[in-house]
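According to this note's numbering, the stretch in the sequence shown is residues 23 to 690, in order. To keep things clear, I will list the structure first and then write my remarks on it.
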Amino acid sequence: MFDKILIANRGEIACRIARTARRMGIGTVAVYSEADARALHVESCDEAYLIGPPAARDSYLRIDRILDVARRSGAKAVHPGYGFLSENEDFARACAEAGVVFIGPPPEAIHAMGSKSNAKAIMEKAGVPLVPGYHGDSQDPARLAVEADRIGYPVLIKASAGGGGKGMRIVREPAELAAAIASAKREAASSFGDDHLLIEKYLLRPRHVELQVFADTHGNCVHLFERDCSVQRRHQKVLEEAPAPGMTVQRRRQMGSAAVAAARAVGYVGAGTVEFILDSEGEFYFMEMNTRLQVEHPVTEMITGLDLVEWQLRIAGGEPLPLAQEQLAIHGHAIEARVYAEDPARGFLPAIGRLEHLQEPATSGHVRVDTGVREGDEIGVHYDPMIAKLICWDTDRDSALRRLRQALADYQVAGLATNLQFLSAVVSHRAFALAHREPGLLDTGLIERYQAELLPAQEPVDDEVLAIAALDQCLRVVQAAQQRASHSTDPGSPWHGAGGWRLNQDNHHVIGFVDAGTAVQVTAHYRPNGYVLDLPGGSRSVSGEVDADGAIAVEIDGARMLAQVVRRGTELTVFARGRSHRLELAVTDAAHEAGDEGSLVSPMPGAVIDVLVKVGDAVVKGAPLMLIEAMKMEHTIAAPADGVVKEVFFAKGDQVREGVELLAFEGR
Ligand code: ADP
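What follows is the structure, encoded as structure tokens:
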């Protein structure tokens, strides 16, 4: 076995590979781009080397630089992860020439499967069933039209070199063919530098079922059962599960044998995935083989109890397969959801920005989170915007699904848009939930078919969420007043109270919010043990308290629940009942003035690392007054204008919550 390996990747897969290597006592070397200097994968490895600028072609795709790191670090093998160089035969060859083991198949096998047309020709010979189609060399439009007629419409045009759904076009009738060929060729040429196309019968309501295979250098090959990846959006996987709903023992055996035959036909070694498409009758056809570890490999790990990265390492080290086919068995059911920084309301546009708040569900033997980011990290433009893979396991599909629903509800992200609510809607939808009971419910068109239900229009904020936001605001005001009082010379003074105390008036406070552009007001009436809130739907008694982590225990009309309100400036994200809602705190004119001149508030939760002024100091605009450290970064609180420091509410070393007043300041 190797003493040290280089992980030529980033993000969750680099972290995941490092975890197994560490458990096996194997040293790890990370490579990173300038954008990833502080990334989790760098921290997860024993050593790390900078390989270039952020753009992947200048860093993670640079074979020369990666092999140079292998040489400098003394790594004996390279794990390519998925994506980047994982299916690049030149890289596999260059590794061999550099005397480094490529943890993957031989370059010839990558080559054979690299072209969908070529792979189909090989599979045809090996007796693996193919979707009716044309995968010949001729690219003459007239010939392609004849072939499309022979296959029968609708047909699907695919780029031979394709991946990620690029260069794919559905053609419903002959009149559309020429234009579709031209545009598929353009996309294929620009994405893969190769515009060769093939044509397949376009199957209606198909399922995507793939088989995990493993082969060693001693001539053994097994399959580790199937994964169903039918829940897709634009031909991209959204949910993956194992075993496939409704799979029979006999069909699994047939597909397993076909997958093993496919791997053997190309002299495969290591982990691979043979993808099949199933028609509505359950007949299966070879689609392609991915010659690497798949994103969705964890569901196979959860149902087999095996570590597939460990298998990869052992096989690359020359060991035989750890288990034979008859020693492999399925236990329970696992489902994976891909959590993405993307905005379903805006056509799933990738979202970039900082993960201001990130709270993952509690992990256990049932719940696994594979991620490459942590709170405070940026999701940038250079790489895939996946935040994490959430995988849940249980003894049966219903129970696994229940766990997944709960885990998705517990997943909190603020700062950028995510698909979490969309994922919750999909896993709660009856078509997915009942897929193992009613054959025919699950196919690759599921999301499109139920789009209206899965992507409901943004609903106006409900009273419960408003009540939580208003309560949080009231509690913050009280807390800020208490902090002020404890730092003042006269802590008992009624002027420090935040009980809404007013002479001859009901004690109340009006809080303004903006919900998707609409102003909403809540009036809070102070009561001895809480508040009565006047909400759009009526009045409710609300009380509660905030704990150190910012979680808020709320009681609304006698019902208790846990919620969380995350703030970024005036933007609030309220997490309650497994959902999140964004609100804007309306800034009143008075608050504006105060913000400009009267008070200086903490921009985020953190610690005071220094106080640079004292009460009575006259300062000029921009003068540093206080230093706050938050998320390992320093923030300077500066004078907003020329003026005088009236009060200093915190001392060096104090912890401050976001939004609390730090100093009172009077402008001149
Ligand atoms: P890529 O390599 O670009 O991901 P694939 O060949 O793996 O492309 O196909 C991606 C998805 O497209 C499949 O999972 C399936 O949903 C759909 N698909 C592929 N071939 C067909 C077909 N012949 N009929 C219907 N849908 C198909």
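Where is the CB? At the ideal position from N, CA and C, for every residue including glycine. Being a predicted model, the structure only gives us computed values, none of them experimental.
Straight-line Cα distance separating residue j from residue i
i, j, result
"Met-626", "His-157", "58 Å"
"Gly-600", "Asp-484", "14 Å"
"Ile-144", "Phe-308", "11 Å"
"Pro-142", "Met-583", "First, the residue type needs correcting, since residue 142 is Lys and not Pro in the sequence shown. Computed Cα separation, rounded: 56 Å."
"Arg-549", "His-530", "9 Å"
"Gly-105", "Thr-440", "22 Å"
"Pro-558", "Asp-571", "30 Å"
"Leu-107", "Ala-538", "43 Å"
"Lys-188", "Glu-248", "25 Å"
"Gln-543", "Ile-533", "6 Å"
"Val-641", "Met-648", "12 Å"
"Val-682", "Val-637", "18 Å"
"Phe-454", "Ile-88", "42 Å"
"Ile-203", "Leu-246", "37 Å"
"Ala-502", "Glu-567", "14 Å"
"Glu-486", "Gln-586", "13 Å"
"Asp-86", "His-63", "21 Å"
"Arg-452", "Ile-413", "20 Å"
"Tyr-405", "Arg-376", "14 Å"
"Gly-49", "Ala-70", "11 Å"
"Ala-598", "Thr-545", "21 Å"
"Pro-478", "Ile-39", "38 Å"
"Pro-196", "Asp-159", "21 Å"
"Arg-589", "Asp-90", "45 Å"
"Ala-612", "Ile-29", "Summary for Ala-612: the model assigns pLDDT 39, below 50, so the residue's position carries little reliability; its value from the coordinates is reported in the next sentence. Near 55 Å, if we compare the C-alpha coordinates of Ile-29 and Ala-612."
Run of the alpha helix (DSSP H) containing residue i, from where it starts to where it stops
i, result
"Thr-42", "33-45"
"Gly-278", "271-287"
"Glu-195", "Segment: none, Glu-195 is in no alpha helix (DSSP H) and carries neither H nor E."
"His-133", "129-136"
"Phe-113", "111-119"
"Asp-494", "485-508"
"Gln-473", "473-476"
Counted within 10 angstroms of its Cβ, other Cβ atoms place residue i as buried (16 or more) or exposed
i, result
"Pro-407", "buried"
"Gln-258", "exposed"
"Asn-551", "exposed"
"Ser-565", "buried"
"Asp-171", "exposed"
"His-240", "exposed"
"Val-100", "buried"
"Ile-192", "exposed"
"Asp-494", "buried"
"Ser-205", "exposed"
"Ser-137", "buried"
"Val-168", "exposed"
"Ala-59", "exposed"
"Ala-78", "buried"
"Lys-674", "exposed"
"His-355", "buried"
"Lys-411", "buried"
"Pro-163", "exposed"
Residue range of the beta strand (DSSP E) that includes residue i
i, result
"Ala-170", "Here Ala-170 belongs to no beta strand (DSSP E); instead the alpha helix (DSSP H) covers 163-173."
"Asp-392", "389-393"
"Ala-356", "355-362"
"Arg-256", "Neither: Arg-256 is in no beta strand (DSSP E) and is coded neither H nor E."
"Arg-679", "No beta strand (DSSP E) contains Arg-679, which DSSP labels as neither H nor E."
"Phe-308", "306-312"
"Ser-565", "560-568"
"Cys-243", "243-250"
"Val-596", "593-598"
Contact test: residue i Cβ vs the ligand FAD heavy atom, cutoff 7 Å
i, result
"Met-190", "Among the ligands modelled here, namely the ligand ADP, the ligand FAD does not occur."
| message | Would you call the segment 145-160 in contact with the segment 316-334, where contact means no fewer than 3 C-beta pairs closer than 8 Å? | response | no
Can we say the segment 221-240 touches the segment 283-301, given the rule of at least three CB pairs closer than 8 Å? yes
- Query: Of all the alpha helix (DSSP H) runs that stay within the bounds of the segment 315-343, which reach a length of 4 or more residues?
  - Reply: 319-326 and 330-338
| message | Pairs of beta-carbons, one from the segment 50-58 and one from the segment 68-84, closer than 8 Å: are there three or more? | response | yes
Check your understanding: Which parts of the segment 415-469 are runs of the alpha helix (DSSP H), unbroken and 4 residues or longer, counting only runs that do not cross its ends?
Key -> 419-432, 442-450 and 452-455
> At a cut of 8 Å, does the segment 177-190 reach the segment 210-221 through at least three beta carbon pairs?
Replying inline: yes
Three or more C-beta pairs below 8 Å linking the segment 338-351 and the segment 366-373: no
Across the segment 593-607 and the segment 429-448, are there enough close Cβ pairs to call them in contact, namely three or more that are closer than 8 Å?
yes
Notebook entry, point to check: Three or more beta-carbon pairs under 8 Å between the segment 268-285 and the segment 378-396, yes or no?
Noted result: no
Quick one: any contact between the segment 391-400 and the segment 459-477, if contact means 3 or more CB pairs under 8 Å?
no
- Message: Is it the case that the segment 443-460 contacts the segment 258-268, given that we only count it when at least three CB pairs across the two stretches are under 8 Å?
- Response: yes
**Study point:** Within the segment 39-98, ranges of the beta strand (DSSP E) (whole runs, at least 3 residues)
**Key:** 49-55 and 69-74
### Segment contact flag, the segment 325-343 with the segment 106-121, C-beta cutoff 8 Å, min 3 pairs
no
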